[in-house]
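**Student:** My questions will all concern the structure given below.
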Amino acid sequence: MENRTVRVRFAPSPTGPLHIGGVRTALYNYLFARQHGGKMVFRIEDTDSQRFVPGAEEYIIESFKWLGIEFDEGVSYGGDKGPYRQSERREIYKKYVDQLLAEDKAYIAFDTPEELDAKRAEKENFQYDATTRGEMRNSLTMPADEVQALIAAGTQYVVRFKIQPGEDIHVDDMIRGDVKINSTILDDKVLYKSADQLPTYHLANIVDDHLMEITHVIRGEEWLPSAPLHVLLYRAFGWQDTMPRFAHLPLLLKPDGKGKLSKRDGDRLGFPVFPLEWHAADGTISSGYRESGYLPEAVVNFLALLGWNPGTDQEILSMQELIEQFDLAKCSKAGAKFDYVKGQWFNREYIQSADNAVLAQDFDKILRENGIEAPIEKVEAVVAMMKMKKINFIKELWPLCDFFFIAPQTFDKEDKFIRKNWKDNAPQEMQALIELLEGLEDFSADAQRKAIDAWVEATGVKPWNAWRVMLVGAGKGPDMHDLAEFLGKEETLRRMRFALEALA
RNA sequence: GGUCCCUUCGUCUAUCGGUUAGGACGUGAGAUUUUCAUUCUCAAAAGAGGGGUUCGAUUCCCCUAGGGACUACCA
């Protein structure tokens with residue numbers, strides 16, 4: 003059985019946008035599958051017809067495309083073990099539910115939700131299990147013909163799993179080791195609802211994982227308490243020999259305060275919790291990593307290190323390196339607070355090493371939003387000069403780069419930088435610099451540097467800051483020679499002459 | 001309440017019985033500098049508490065405390 007090809011799955015419920023914690027779970031599954039030359043399946047768990055949200059499925063698919071997490075089969079990817087949408091697998095589940103019923107491993111229950119609520123209200127710790135099922139309305143307590151009559155009359159019912167109490171159930175977790183839970187504390191879980199003829203998560207999950215030949219279930223820690231139930235289900239079906247191995251990942255926690263990271267934390271603290279921007283039906287918009295200016299590689303790298311690390315000091319890892327180095331045994335057991343400040347640092351690192359042409363495309367959009375249309379090679383030149391500045395996002399480049407495209411119109415003489423660098427002798431010195439630049443045939447940064455260095459050597463004048471006042475109007479920007487080359491001889495001299503007058 | 005999981009700098013983490021407890025983010029200081037930055041250097045910063053086991057525990061065991069998850073005809 004250990005020679006089976008690795009097959010993992012990511013199986014979200016289409017109830018809304020994909021949470022960033024879900025993204026990390028999917029990423030770990032992906033890394034694990036790729037490392038072992040296995041397959042990654044995308045399944046949609048839409049067994050709760052009440053909570054279905056239109057567009058969620060498409061959103062999830064688009065998110066993974068953006069992030070570079072690729073599936074091998076599943077919804078929208080195809081494959082020979084479909085259908086991959088649980089709502090399309092009704093007959094399959096029905097067959098297995100009937101099998102459990104026939105083997106007396108499950109039973110039919112007619113108690114209504116209202117009756118159960120009443121029970122819970124009267125008995126603090128009411129649980130539908132071996133101690134209580136004898137006093138409920140189910141096929142264990144009612145005559146068979148009455149049960150059949152009720153069903154024939156169209157009475158709604160559920161199928162419950164008959165759990166034998168008093169047994170220690172062991173779950174062998176790849177991250178946590180042996181986890182033991184006694185079956186007595188488990189309740190007789192609802193496996194199937196006649197109302198919508200759909201199974202609940204637990205049944206559908208086990209049947210699908212088995213039929214889709216899943217070898218490893220890598221999921222969030224919130225599933226650990228129900229893992230014993232799943233083990234029991236595999237056993238009930240006689241599938242224990244091919245039961246997948248489990249790995250329960252630590253949760254992503256709120257950056258501040260307590261509890262797990264929730265959808266609302268993002269807007270509250272100013273960072274996205276969704277990969278892509280999400281427009282809810284009620285009109286509210288939740289920000290996304292993509293729209294906020296994150297590079298997908300940075301998001302992947304950041305998420306990968308939240309709960310796992312390669313055991314070395316290396317923190318910048320490409321998808322390929324992650325695939326090679328990922329190891330479930332090295333995953334941490336404790337939940338990780340979501341450190342979005344470090345996430346921003348990852349983005350900065352990826353911006354600084356990103357291809358200028360790619361960044362130019364992003365920056366071009368920002369420029370257009372600010373009414374600037376420039377040739378893309380000019381945009382790329384600006385990005386090349388400025389991306390090493392202290393920016394976490396490309397959009398932060400605009401206030402640092404506006405002067406490339408818009409000449410300073412006014413000069414605030416109270417401005418600290420101008421006051422300090424526009425001294426009484428500045429006009430004469432800058433006039434001399436203008437004359438020097440006028441005489442240059444070659445206006446490249448190198449040629450300027452050569453000529454100006456010689457002039458500086460001869461006169462002792464340090465022209466750069468005053469020059470910056472004239473071309474930029476503030477204490478920011480790149481090397482003056484690079485800037486002047488970018489602006490060109492004509493524009494450089496025009497700005498200088500204008501500034502000379504404006505500052506007089 | 002019950003069950004299970006977890007616990008090293010503010011945060012993410014390394015350490016798989018013997019280390020000056022390492023790295024990164026963030027923070028502070030200094031150097032470099034043609035502004036803003038970058039870069040470089042340095043600094044402050046941690047084993048929850050208590051018992052064991054052991055020649056020796058951050059590391060293994062137990063207890064306590066704290067945190068988290070689960071406890072639906074949701075996933």
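With the first sequence counted from 1, adding 2 to any position gets you the numbering used here. Idealized CB from N, CA, C, for every residue including glycine.
1) So the candidates are F419, V181, I374 and L118; which of them puts its Cα closest to the Cα of I171?
2) By DSSP, does G290 sit in helix, in strand, or in coil?
3) Taking C-alpha atoms, which residue in G285, M387 and N311 lies nearest to D481?
4) Between F276 and I325, what straight-line distance do the alpha-carbon atoms span, to the nearest angstrom?
5) For a minimum of 4 consecutive residues, which ranges assigned as the alpha helix (DSSP H) are wholly contained in the stretch 363-445?
6) Pick out whichever of L305, T17 and N372 has its Cα sitting closest to the Cα of K344.
7) Using the Cα positions of G80 and R45, report the straight-line distance between them to the nearest angstrom.
8) May I have the straight-line CA-CA distance separating Q166 from W347, to the nearest angstrom?
9) In whole angstroms, what separates the C-alpha of A151 from that of A238?
10) Identify, in the order they occur along the chain, each residue of the same chain with its Cβ nearer than 6 Å to the Cβ of P410, setting aside the five sequence neighbours on each side.
11) I'd like the span of the beta strand (DSSP E) that includes I171, first residue to last.
12) Between the C-alpha atoms of E293 and E279, what's the straight-line distance to the nearest angstrom?
13) Tell me K265's beta-bridge partners as DSSP assigns them.
14) Measuring straight from C-alpha to C-alpha, what distance separates E375 and L271?
15) Just the C-alpha distance for N394 and M245, rounded to the nearest angstrom, thanks.
16) Of the residues W310, N423 and V381, which one's Cα is nearest the Cα of F405?
17) Using the three-state DSSP reduction, which class does R178 fall into: helix, strand or coil?
18) Quick one: Cα of M3 to Cα of G76, how far?
19) Taking C-beta to C-beta, are H208 and L235 nearer than 7 Å?
20) Measuring alpha carbon to alpha carbon, tell me which of A359, Y291, G39 and E169 ends up nearest G268.
21) In the structure shown, what three-state DSSP assignment does F2 receive?
22) So what's F328 in DSSP terms, helix, strand or just coil?
23) Which class does L308 belong to by DSSP, given the choice of helix, strand or coil?
24) If you reduce the DSSP assignment to three classes, tell me which class E487 lands in.
25) Could you give the DSSP three-state label for W280: helix, strand or coil?
26) Using DSSP with H/G/I as helix, E/B as strand and the rest coil, what is M498?
27) Less than 7 Å between the C-beta atoms of D364 and I396, yes or no?
28) Give the secondary structure of R45 by DSSP, where H, G and I count as helix, E and B as strand, and everything else as coil.
29) Identify the continuous alpha helix (DSSP H) that holds G24 and give its terminal residues.
30) Note down the Cα distance separating Y95 from L200, rounded to an integer number of angstroms.
31) Below 8 Å, can you find three or more Cβ-Cβ pairs linking the stretch 332-343 to the stretch 95-114?
32) Whose C-beta lies closer than 6 Å to the C-beta of F417 among residues of the same chain, with five residues either side of it excluded?
33) Does L200 come out as helix, strand or coil in the three-state DSSP assignment?
34) Given this structure, state the Cα-to-Cα distance separating D366 from I378, to the nearest angstrom.
35) In its own chain, which residues sit with a C-beta less than 6 Å from the C-beta of A249, not counting the 5 before and 5 after it?
36) With DSSP as the reference, label G84 as helix, strand or coil.
**Tutor:** Answer, in terms of the structure:
1) If you number the first sequence from 1, residue 171 lands on position 169. Comparing Cα-Cα distances from I171 to each of F419, V181, I374 and L118, the minimum goes to V181.
2) Position 288 of the first sequence, counting from 1, holds the residue named residue 290. Reduced to three states, the DSSP call for G290 is strand.
3) Position 479 of the first sequence, counted from the first residue, corresponds to residue 481. The candidate whose alpha carbon is nearest that of D481 is M387.
4) Within the first sequence, the letter at position 274 stands for residue 276. Within the first sequence, the letter at position 323 stands for residue 325. Their Cα atoms are separated by approximately 23 Å.
5) 378-388, 400-407, 418-423 and 428-440
6) In the first sequence, residue 344 corresponds to position 342, counting from 1. When only C-alpha atoms are compared, the closest one is L305.
7) As a working mapping, residue 80 is identified with position 78 in the first sequence. As a working mapping, residue 45 is identified with position 43 in the first sequence. G80 and R45: Cα-Cα distance of roughly 11 Å.
8) Within the first sequence, residue 166 is the residue found at index 164, counting from 1. Within the first sequence, residue 347 is the residue found at index 345, counting from 1. Each residue's alpha carbon lies about 52 Å from the other.
9) Walking along the first sequence from the start, residue 151 turns up at place 149. Walking along the first sequence from the start, residue 238 turns up at place 236. Roughly 28 Å separates the two Cα atoms.
10) As a first step, residue 410 must be located in the first sequence, where it is residue number 408. So the qualifying residues of the chain are G475.
11) One-based indexing of the first sequence puts residue 171 at position 169. Unbroken beta strand (DSSP E) run through I171: D170 to D175.
12) Position 291 of the first sequence, counted from the first residue, corresponds to residue 293. Position 277 of the first sequence, counted from the first residue, corresponds to residue 279. Distance between the alpha carbons of E293 and E279: 6 Å.
13) Stepping through the first sequence from its first residue, residue 265 is reached at position 263. DSSP, once it has assigned bridges, lists no residue as partnering K265.
14) Indexing the first sequence from 1 puts residue 375 at position 373. Indexing the first sequence from 1 puts residue 271 at position 269. Each residue's alpha carbon lies about 34 Å from the other.
15) Translated into the one-based positions of the first sequence, residue 394 becomes position 392. Translated into the one-based positions of the first sequence, residue 245 becomes position 243. Going by the C-alpha atoms only, they are around 45 Å apart.
16) Position 403 of the first sequence holds residue 405. Residue V381 is the option with its Cα nearest to F405.
17) What you label residue 178 is simply residue 176 of the first sequence in a count that begins at 1. Coil.
18) Your numbering for residue 3 matches position 1 in the first sequence. Your numbering for residue 76 matches position 74 in the first sequence. Only weak support is given to the placement of M3: the predicted model assigns it a pLDDT of 47, under 50, and the value that follows is read from those uncertain coordinates. Computed Cα separation, rounded: 24 Å.
19) Counting from one through the first sequence, the residue named residue 208 turns up at place 206. Counting from one through the first sequence, the residue named residue 235 turns up at place 233. In the sequence as displayed, the identity of residue 208 is Ile instead of His. In contact: I208 and L235 (Cβ atoms closer than 7 Å).
20) Within the first sequence, residue 268 is the residue found at index 266, counting from 1. Of A359, Y291, G39 and E169, the residue nearest in Cα terms is Y291.
21) Nothing can be reported for residue 2, as the shown portion of the chain is limited to 3 through 506.
22) Position 326 of the first sequence, counted from the start, is the residue given in the question as residue 328. F328 falls in the coil class under three-state DSSP.
23) One-based indexing of the first sequence puts residue 308 at position 306. Three-state result, L308: coil.
24) As a first step, residue 487 must be located in the first sequence, where it is residue number 485. Correct three-state label for E487: helix.
25) Within the first sequence, the letter at position 278 stands for residue 280. Correct three-state label for W280: strand.
26) If you number the first sequence from 1, residue 498 lands on position 496. Three-state DSSP puts M498 in a helix.
27) Translated into positions along the first sequence, residue 364 becomes position 362. Translated into positions along the first sequence, residue 396 becomes position 394. Their beta carbons are under 7 Å apart, which means D364 touches I396 by this criterion.
28) Along the first sequence, read from residue 1 onward, the residue named residue 45 stands at position 43. Correct three-state label for R45: coil.
29) If you number the first sequence from 1, residue 24 lands on position 22. Run containing G24: I22 to Q37, per the alpha helix (DSSP H) assignment.
30) In the first sequence, the residue the question calls residue 95 occupies position 93. In the first sequence, the residue the question calls residue 200 occupies position 198. Their backbone Cα atoms lie some 8 Å apart in a straight line.
31) no
32) In the first sequence, residue 417 corresponds to position 415, counting from 1. The residue you asked about is not Phe; residue 417 is Asp in the sequence shown. Nothing meets the Cβ criterion.
33) If you number the first sequence from 1, residue 200 lands on position 198. Here L200 sits in strand by DSSP.
34) Locating residue 366 in the first sequence gives position 364, counting from the first residue. Locating residue 378 in the first sequence gives position 376, counting from the first residue. Taking the straight line from one Cα to the other gives about 7 Å.
35) Within the first sequence, residue 249 is the residue found at index 247, counting from 1. Excluding residues within five positions, the ones whose Cβ falls inside 6 Å are M176, I177, I220 and L330.
36) Position 82 of the first sequence, counted from the first residue, corresponds to residue 84. The answer is coil: DSSP assigns G84 none of H, G, I, E or B.
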